[in-house]
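Asker:
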Amino acid sequence: MADIAKYVEDVAKYTDSVNEEAVAAIVKSLAPVLGNRDAMYVSCGDDSEMETVRKNFMEKKCGVEAGSDKAKAASEAVCEKMKDAHMKNRVTFYYLSAEQLGCLGDLA
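Numbering of the sequence shown is given in our numbering, commencing with residue 1074 and proceeding in unit increments.
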């Protein structure tokens, strides 16, 4: 299992309280791709990447339809929150998306 502490530390930059169980669940679900440098990060400027995030995470893990205004608004809000990060960590992005959508408890 990956070192959860480094992900918790990154998430803590963007939110007041961190649900470590939710972070661990996201890391576990992303384990196959976390070793791939390209897949470790999210690019807010890439529309196809945003669609993938909405479909593969927001829809599958949070039950929010990928094409919905709610999913689009959540991804835009997270991009705005993380705008100062050149490399947006996928674990953190997913965590903040779940927080935005109110489904953190469903992940842990």
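Glycine included, every Cβ here is placed at the ideal spot set by N, Cα and C.
In whole angstroms, what separates the C-alpha of D1089 from that of S1121?
Answerer: Approximately 30 angstroms, taken between the alpha carbons.
Asker: What does the Cβ neighbour count give for M1155, buried or exposed, with the cut at 16 atoms within 10 Å?
Answerer: Burial call: buried.
Asker: When you compare only the Cα positions, how much space is there between D1076 and M1131?
Answerer: So the two alpha carbons sit approximately 24 angstroms from each other.
Asker: Please classify D1083 as buried or exposed, where buried requires at least 16 neighbouring CB atoms within 10 angstroms.
Answerer: D1083 is buried by the Cβ-count criterion.
Asker: Let me know the secondary structure DSSP gives D1076 once reduced to three states.
Answerer: D1076: coil per DSSP, three-state reduction.
Asker: Ends of the alpha helix (DSSP H) at E1172?
Answerer: Segment R1163 to L1174, the alpha helix (DSSP H) holding E1172.
Asker: Would you mind sorting S1141 into buried or exposed? The rule is 16 or more other CB atoms within 10 Å of its CB.
Answerer: Its Cβ having fewer than 16 others within 10 Å, S1141 is exposed.
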